[in-house]
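Counting in the working numbering, the sequence shown runs from 676 upward without gaps.
To keep things clear, I will list the structure first and then write my remarks on it.
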Amino acid sequence: MEILKTINDAQEYVLNQRRNGLKIGFVPTMGALHQGHISLVEKSTTQNDITIVSIFVNPTQFNNAADLEKYPRTIDADCKMLEAAGCNMVFTPDEKEMYPQKDERVFSFNGLESCLEGEFRPGHFNGVAQIVSKLFFAIPAHNAYFGQKDFQQLAVIKQLVLQLDIPVNIIPCPTIRESDGLAMSSRNLRLTPEHRSNSTFIYKMLQKTVELAKANNPTLIKEIIISEFNKNKLLKLEYFDIVDNTYLQQTDFFQKDTIYIACVAVWAGDVRLIDNIQIN
Ligand code: PAF
676 MEILKTINDA QEYVLNQRRN GLKIGFVPTM GALHQGHISL VEKSTTQNDI TIVSIFVNPT
736 QFNNAADLEK YPRTIDADCK MLEAAGCNMV FTPDEKEMYP QKDERVFSFN GLESCLEGEF
796 RPGHFNGVAQ IVSKLFFAIP AHNAYFGQKD FQQLAVIKQL VLQLDIPVNI IPCPTIRESD
856 GLAMSSRNLR LTPEHRSNST FIYKMLQKTV ELAKANNPTL IKEIIISEFN KNKLLKLEYF
916 DIVDNTYLQQ TDFFQKDTIY IACVAVWAGD VRLIDNIQIN
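Listed below in structure tokens is the structure:
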């Protein structure tokens with residue numbers, strides 16, 4: 676497995692493989708890899724000849740300096756996992772390489788970027804769009820893999836690719852969960868044992884939402900689930916919403932032929948966790 680640090684080297688590597696007629700799959704990450712990331716890498720290895728993973732903790736998508744500082748960095752362990760999973764090249768640029776000067780670009784995605792996560796993390800999706808557009812330039816892949824745990828990010832990246840005419844297929848991949856239902860996340864590493872065992876409550880509430888949706892409207896479901904969260908002394912709910920999966924608009928009634936997603940963000944101590952589930 677090769678490890679490359681500059682955009683020039685990475686691009687040259689990819690273009691060489693493409694000239695040889697090989698298909699390239701790309702998994703962008705911020706490291707602190709877990710089985711969720713590895714499932715993306717494995718999917719890429721089955722659909723492409725060459726799989727590339729980037730590891731870069733992108734400062735422009737953190738709206739909280741402490742969160743950026745505390746973000747786990749486990750590069751040696753990450754590389755071992757990637758080699759075992761069949762990754763061919765890891766791109767690990769530093770900040771100067773990705774941002775030789777301040778990125779002043781401001782993206783607009785018809786409101787997709789300002790609801791849900793965007794409301795609580797202003798500027799977050801602009802930072803994601805900045806780095807992902809740079810990464811797609813450095814790694815001109817055929818296919819790029821993103822987890823559905825970050826379903827809003829996925830919606831934003833699909834729009835980014837359309838707006839900038841980037842010739843890459845965006846492949847959504849299912850959320851991978853721990854055996855007790857907690858969605859895998861690099862942030863789980865920072866949970867205290869007490870918060871870790873309590874955070875299974877999040878997925879239980881999402882499953883309850885699916886059950887409730889069989890006979891209730893979104894407004895009532897929200898009331899019930901929010902009051903359940905409020906009874907949990909260890910988790911602090913930031914939002915719970917039910918939105919359609921295209922425009923991410925909240926709804927008072929379920930419409931036939933529309934897919935709805937229940938999405939949630941909570942604080943477990945000083946760790947912020949997000950999750951979602953498709954309702955129908
Ligand atoms: O999902 C992530 O890990 C990051 O948001 C991404 C897509 C790698 C951009 O920094």
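Positions of the beta carbon are idealized from the N, C-alpha and C atoms, including for glycine.
Range covered by the alpha helix (DSSP H) that runs through residue i
i, result
"P747", "No alpha helix (DSSP H) contains P747, which DSSP labels as neither H nor E."
"I713", "710 to 722"
Nearest-angstrom Cα separation, counted from residue j out to residue i
i, j, result
"V807", "D840", "13 Å"
"P797", "D855", "32 Å"
"V836", "A813", "15 Å"
"V941", "K911", "5 Å"
"K698", "S860", "28 Å"
"F737", "C938", "20 Å"
"H709", "I851", "9 Å"
"I713", "A760", "7 Å"
"I730", "T894", "40 Å"
"S783", "N801", "8 Å"
"I845", "C790", "22 Å"
"D932", "P849", "21 Å"
"E901", "F928", "Contrary to the premise, residue 901 reads as Ile rather than Glu in this sequence. If you take the alpha carbons of I901 and F928, they lie about 18 Å apart."
"A890", "M880", "16 Å"
"A741", "R694", "43 Å"
"I899", "V732", "37 Å"
"N661", "Q930", "The question about residue 661 has no answer here: the residues shown for the chain are numbered 676 through 955."
"T735", "L743", "9 Å"
"N785", "Q924", "11 Å"
"T867", "D751", "24 Å"
"V689", "A816", "7 Å"
"G793", "T726", "31 Å"
Residue i: CB within 8 Å of a non-hydrogen atom of the ligand PAF
i, result
"T704", "yes"
"G761", "no"
"N801", "no"
"V946", "no"
"V781", "no"
"D778", "no"
"F821", "yes"
"D825", "yes"
"L810", "yes"
"N733", "yes"
"I851", "no"
"I806", "yes"
Extent of the continuous beta strand (DSSP E) run through residue i
i, result
"P868", "Careful: P868 lies outside any beta strand (DSSP E), inside the alpha helix (DSSP H) at 868 to 873."
"Q953", "946 to 953"
"N844", "844 to 848"
"E677", "677 to 679"
"S729", "725 to 730"
"I936", "935 to 943"
Integer-rounded CB distance, given that residue j should sit under 8 Å from residue i
i, j, result
"I936", "I952", "7 Å"
"C754", "I682", "Wrong, their Cβ atoms sit about 19 Å apart, outside the cutoff."
"F811", "V843", "6 Å"
"P775", "K680", "Not really, about 14 Å apart at Cβ, beyond 8 Å."
Problem set entry | Every unbroken beta strand (DSSP E) inside the segment 681 to 707 [3 residues or more] | 699 to 704
Exercise. Which parts of the segment 763 to 790 are runs of the beta strand (DSSP E), unbroken and 3 residues or longer, counting only runs that do not cross its ends?
Worked result: 764 to 766
For this session: Starting from the N-terminal side, write out each stretch of the alpha helix (DSSP H) that is 4 residues or longer and does not extend beyond the segment 793 to 826.
Result: Listed in chain order, the alpha helix (DSSP H) elements of length 4 or more contained wholly in the segment 793 to 826 are 799 to 813.
Problem set entry | beta strand (DSSP E) segments (min. 3 residues) lying fully within the segment 902 to 930 | Taken in chain order, the complete beta strand (DSSP E) segments of 3 residues or longer contained in the segment 902 to 930 are 910 to 919.
Exercise. Which runs of the alpha helix (DSSP H) fall wholly inside the segment 870 to 899 and span at least 4 residues, in chain order?
Worked result: 875 to 887
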